[in-house]
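Contents: one structure, followed by commentary.
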Amino acid sequence: MTSRLALSASDRARAAEVDELASRLPATLGELVACLDAPTWPVRRAAVAALARAGHVAIAPLVEILRSRRDREARLAAAVDALSASSGSVDDAMLALAHGSPPAVVCDALQVLGRRRSTVAVPTIAERVSDPDDNVAVAALEALGRIGSGAGLDAVIEAAGSGRFFRVYPAIDVLARSGDARAIPPLERLVDDPLCGPEAARALARHGDIAAVSALARRLVGRSTSMARIAAIALVEAVDRLRERFGAAPGALAAIRSELAEHEGAAGHVAQALAGSDVEGRVALARVLGWLEDDDGASPLIDLLGDDDPRVVRAAAEALAGLGRAAERSVVDALPRMSSELRALVLPQLGARPEYAAAIASCLDDPRPDVRAIACATLMRTGSTDVVPRLFELVADPDARVAQAALAAIQALGDTSTEPLTIAATRDADPRVRRAALRLLGYFGWPSALAPLLEAVAAPDDRIAELALSSLAYVEDPQALTALLDATRSPRPRVRAAALRALGDVRRTDEIVARLIEALDDEAPWPRYFACQALGRLGATTAIDVLVAHLGDPAGQVRIAVIDALARLPGERAARALLDAAGASDPDLRRAALVGLGITRPPEARATLLAASDDPDPATRIIALSSLGSLDGDDVLAALVRAVRTGDSETRAAALGVLATRAGRETTRALIELDREEPLRELTLAALSTPAKGRIPAMLEVLEDADATTASRLTAALARMDREDARAALGVALATTSVEARRAAAAALAAIAPRDAAAQLERAFSRDPDAEVRRFAAHGLARR
Numbered sequence: 002m003t004s005r006l007a008l009s010a011s012d013r014a015r016a017a018e019v020d021e022l023a024s025r026l027p028a029t030l031g032e033l034v035a036c037l038d039a040p041t042w043p044v045r046r047a048a049v050a051a052l053a054r055a056g057h058v059a060i061a062p063l064v065e066i067l068r069s070r071r072d073r074e075a076r077l078a079a080a081v082d083a084l085s086a087s088s089g090s091v092d093d094a095m096l097a098l099a100h101g102s103p104p105a106v107v108c109d110a111l112q113v114l115g116r117r118r119s120t121v122a123v124p125t126i127a128e129r130v131s132d133p134d135d136n137v138a139v140a141a142l143e144a145l146g147r148i149g150s151g152a153g154l155d156a157v158i159e160a161a162g163s164g165r166f167f168r169v170y171p172a173i174d175v176l177a178r179s180g181d182a183r184a185i186p187p188l189e190r191l192v193d194d195p196l197c198g199p200e201a202a203r204a205l206a207r208h209g210d211i212a213a214v215s216a217l218a219r220r221l222v223g224r225s226t227s228m229a230r231i232a233a234i235a236l237v238e239a240v241d242r243l244r245e246r247f248g249a250a251p252g253a254l255a256a257i258r259s260e261l262a263e264h265e266g267a268a269g270h271v272a273q274a275l276a277g278s279d280v281e282g283r284v285a286l287a288r289v290l291g292w293l294e295d296d297d298g299a300s301p302l303i304d305l306l307g308d309d310d311p312r313v314v315r316a317a318a319e320a321l322a323g324l325g326r327a328a329e330r331s332v333v334d335a336l337p338r339m340s341s342e343l344r345a346l347v348l349p350q351l352g353a354r355p356e357y358a359a360a361i362a363s364c365l366d367d368p369r370p371d372v373r374a375i376a377c378a379t380l381m382r383t384g385s386t387d388v389v390p391r392l393f394e395l396v397a398d399p400d401a402r403v404a405q406a407a408l409a410a411i412q413a414l415g416d417t418s419t420e421p422l423t424i425a426a427t428r429d430a431d432p433r434v435r436r437a438a439l440r441l442l443g444y445f446g447w448p449s450a451l452a453p454l455l456e457a458v459a460a461p462d463d464r465i466a467e468l469a470l471s472s473l474a475y476v477e478d479p480q481a482l483t484a485l486l487d488a489t490r491s492p493r494p495r496v497r498a499a500a501l502r503a504l505g506d507v508r509r510t511d512e513i514v515a516r517l518i519e520a521l522d523d524e525a526p527w528p529r530y531f532a533c534q535a536l537g538r539l540g541a542t543t544a545i546d547v548l549v550a551h552l553g554d555p556a557g558q559v560r561i562a563v564i565d566a567l568a569r570l571p572g573e574r575a576a577r578a579l580l581d582a583a584g585a586s587d588p589d590l591r592r593a594a595l596v597g598l599g600i601t602r603p604p605e606a607r608a609t610l611l612a613a614s615d616d617p618d619p620a621t622r623i624i625a626l627s628s629l630g631s632l633d634g635d636d637v638l639a640a641l642v643r644a645v646r647t648g649d650s651e652t653r654a655a656a657l658g659v660l661a662t663r664a665g666r667e668t669t670r671a672l673i674e675l676d677r678e679e680p681l682r683e684l685t686l687a688a689l690s691t692p693a694k695g696r697i698p699a700m701l702e703v704l705e706d707a708d709a710t711t712a713s714r715l716t717a718a719l720a721r722m723d724r725e726d727a728r729a730a731l732g733v734a735l736a737t738t739s740v741e742a743r744r745a746a747a748a749a750l751a752a753i754a755p756r757d758a759a760a761q762l763e764r765a766f767s768r769d770p771d772a773e774v775r776r777f778a779a780h781g782l783a784r785r
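Under my numbering, the first residue of the sequence shown is numbered 2, with each subsequent residue one higher.
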């Protein structure tokens, strides 16, 4: 809404006059209505808002404008806006106008009824769909579309089949949004219409029904290539919508293959439509070729790998990966000849097969660093140890991403050749190679690692010494521990810090704890920091008092490390220190304490964390909400729900993240209530789809008497969980007394097509009294 500050001085004055008139209603009603003739929209808007708030008292003059004062379009539009938003009962007056008035008046009345989503007006609006005047008919269709939920569907279907262009188009849009299976046959018939075909195909895609997928799949073959393009584009949208809703849509892909099973050469017919297609069409056709799982689609897909548009190439690469080994082998063989751009798209799609390793390794010399890194990751998936020597050559790659990817691949593929190669690398002239080798020695912890690590500890290069000390913690030899303890007294602060950090990764002994406590008084801050951390990781309860005494350390990072250590240690003394620190003036110290309170959960933490959850500082607020997740209680749940409803986007996301993993029936109920609020729906479905303890039983309780929207959302969440117990819950919902739950569960099972739901679908198909449930069950059974 435009701010008053953005208005001209005269408009601000006039708007203020409108507000003053509104405060004196009903005496000023005539003057307020006259403001609808104001020459500027901001003033008219203020009048519209005031008349809408006035309710019943303003209805008659507004209706009179529609009936007899039609000489100014701006006035009419303002009256329609005011009636649409009115707090009074407008329906009766609009229904009266919809009968026997001139067409223009009827159109305005229908618009108001539609914008108000008046369900009582549906019969009257549906009658007007067949009005001789096209404008009235279109206004009626648009009104039914706004009301939604399949309102007046029979009349809409009749309009869709009328052959009258100006009625067919709005009818298509209403059918697409109806969510009713009766909309599919008329839409499918319209797909063949030369004028309305593309729009009808898109409407089928938006319908969100697996039957629409089947209807579109039938249009891929036996007709023109242009129809195949239209059908393919719509199919992609339909499948993507089902995937977005249910997390996966194997049932939709099976429906496509089932429809084309009797059409020999279907892949070839689809491929013919590639010629002359735009980018959207080529992407869609490539995806469809992959879904068909027909080797005849391999050749055209391989040709698409040379397309000028990377979106097409990506779609072709993904499709080839789904076609099977023969098609994929052709792609692998072509890797050495591919461009960098093409390799970047193709490599992530390849299967994890050892026989591909040699061809993939040819990409390790690619000029693009990202391709080299992707090749390393792909080689790791193949499990081929033959490439380990080749990977060692990349640990010194000038690009850090490549070096890290090569190191990760070596760690995953390590075999008998890795140990001697690593030992040799510790003596390499390139310090980058030596550093990588030292990391590998710590990762594998071979006995042979001791000597080169001890040698590296004495190296003048601090980075080499630090890595060696870190790796020594994982070598099980008394000499390794002795070297770590000796290094904590090195004259080099970085070496001391590295040794103290490494002591946190060994088995706790009195000697180690004593040395760490002693190091709390080190002259340099970072050794003190890592000594604190190590004491916490080792669970050194004897150090609590000493740690508390260091809460006043002059270095901020050390104070934070003390809090981190105390959060890991049990006892009232540590808890009290955390509670005190939660009230500190230092915001970093305070946040660290809030994290610690969430971990230790002393009884007194509840009030502190609840108060911090409303802190004006966003970072503090988010940390407090995350820590609250470990506490039970209605007050905690209320704070999390309040943060979702009233917080900024980051606070809302943090609170929902906690609610997603929080166990308990009441949490699930709270999430379901939040999911009913339109602005939150994009976020809440992901939270509901997280299978926290007790979530599935609570969802089943709600499904027993859920409305259609809630049933659809909950069954979608269950499908997205992709778990055996969630699929079993869909089977339970399929047998409930609620027809809405049964319909939604059947739709979900048809979309995700689980193998273990055959018995439930068979029972629903043969026994359920509801035709919609039986229809979805039939789709689910037909794809097995």
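By construction, the Cβ of each residue, glycine as well, lies at the ideal position given by its N, Cα and C atoms. No experiment lies behind these values; they were computed from the predicted model shown.
Scanning the segment 62–94 for uninterrupted beta strand (DSSP E) segments of 3 residues or longer gives nothing; none is fully contained. Across the set C377, L422, P399, A401, the C-alpha of C377 shows the shortest separation from the C-alpha of A410.
Across the structure, S713 and L154 are spaced so that their CA atoms are roughly 20 Å apart. Taking 4 residues as the minimum length, the alpha helix (DSSP H) runs contained wholly in the segment 639–664 are 650–662, in order along the chain.
Selection D635, A656, A469, T489 evaluated against V645 yields A656 as nearest (Cα-Cα). Taking the C-beta atoms as reference points, L188 is found no nearer than 7 Å to A212.
If you draw a 10 Å sphere on the C-beta of L196, you find fewer than 16 other C-beta atoms in it, and that means exposed. Approximately 5 Å separates the beta-carbon atoms of D12 and P43; this is inside 8 Å, confirming the contact. Under the Cβ criterion (8 Å, minimum of three pairs), the segment 570–580 counts as touching the segment 541–549. Closest in alpha carbon position to A593, among P604, G572, A620, L305, is A620. Taking every protein chain shown into account, the CB of R129 has 16 or more other CB atoms within 10 angstroms, so this residue is buried.
Within a 10 Å sphere around the beta-carbon of S471 sit 16 or more other beta-carbons, which makes this residue buried.
A distance below 6 Å between beta-carbons, with the five flanking residues on each side excluded, links R653 to the following residues of its chain, in chain order: V645. Pairwise C-beta distances place the segment 130–148 out of contact with the segment 676–695, as fewer than three of them are shorter than 8 Å. Assigned with DSSP and collapsed to three states, Y357 falls in helix. Nearest to T427 by C-alpha distance, out of Q412, A730, A172, A469, is A469. Distance between R402 and D726, taken at the CA atoms: about 40 Å.
The alpha-carbon separation between T710 and L22 amounts to approximately 42 Å. Assignment of E667 by DSSP, reduced to helix, strand and coil, places it in the helix class.
DSSP places C36 in no alpha helix (DSSP H); its state is neither H nor E. Secondary structure in the segment 321–368: the alpha helix (DSSP H) runs of 4 residues or longer, each lying completely within the stretch, are 326–335, 341–347, 358–362 in chain order. Spanning the alpha carbons of L704 and R744 requires a straight line of approximately 11 Å. Within the same chain, L598 come within 6 Å of A606 by CB-CB distance, once the 5 residues on both sides are set aside. Going by DSSP, Y530 is part of the alpha helix (DSSP H) stretching over 526–539.
Judged by DSSP in its simplified three-state form, L275 adopts coil rather than helix or strand. Non-local beta-carbon contacts of S341 in its own chain, meaning distances under 8 Å to residues more than five positions away in sequence, involve D367, P368, R369, V372 in chain order. DSSP, read as helix, strand or coil, puts G115 in helix. Beta-carbon to beta-carbon, A688 and L701 are separated by about 17 Å, too far to satisfy the 8 Å threshold. The three-state reading of DSSP puts C197 in coil, since its state is none of H, G, I, E or B. The beta carbons of L536 and A556 sit no closer together than 7 Å.
Around the CB of D132, 16 or more other CB atoms lie within 10 Å, so the residue is classed as buried.
Put simply, of V333, P355, R354 the residue whose alpha carbon is nearest the alpha carbon of A345 is V333.
Cβ neighbours of A532 within its own chain (closer than 6 Å, five residues either side excluded): L501, L517, A520, L521. The C-beta distance from D398 to A358 rounds to 19 Å, too long to meet the 8 Å contact threshold.
Contact check for A83 against A53 passes: the beta carbons are separated by less than 7 Å.
Only exposed fits H57, as fewer than 16 other CB atoms lie within 10 angstroms of its CB.
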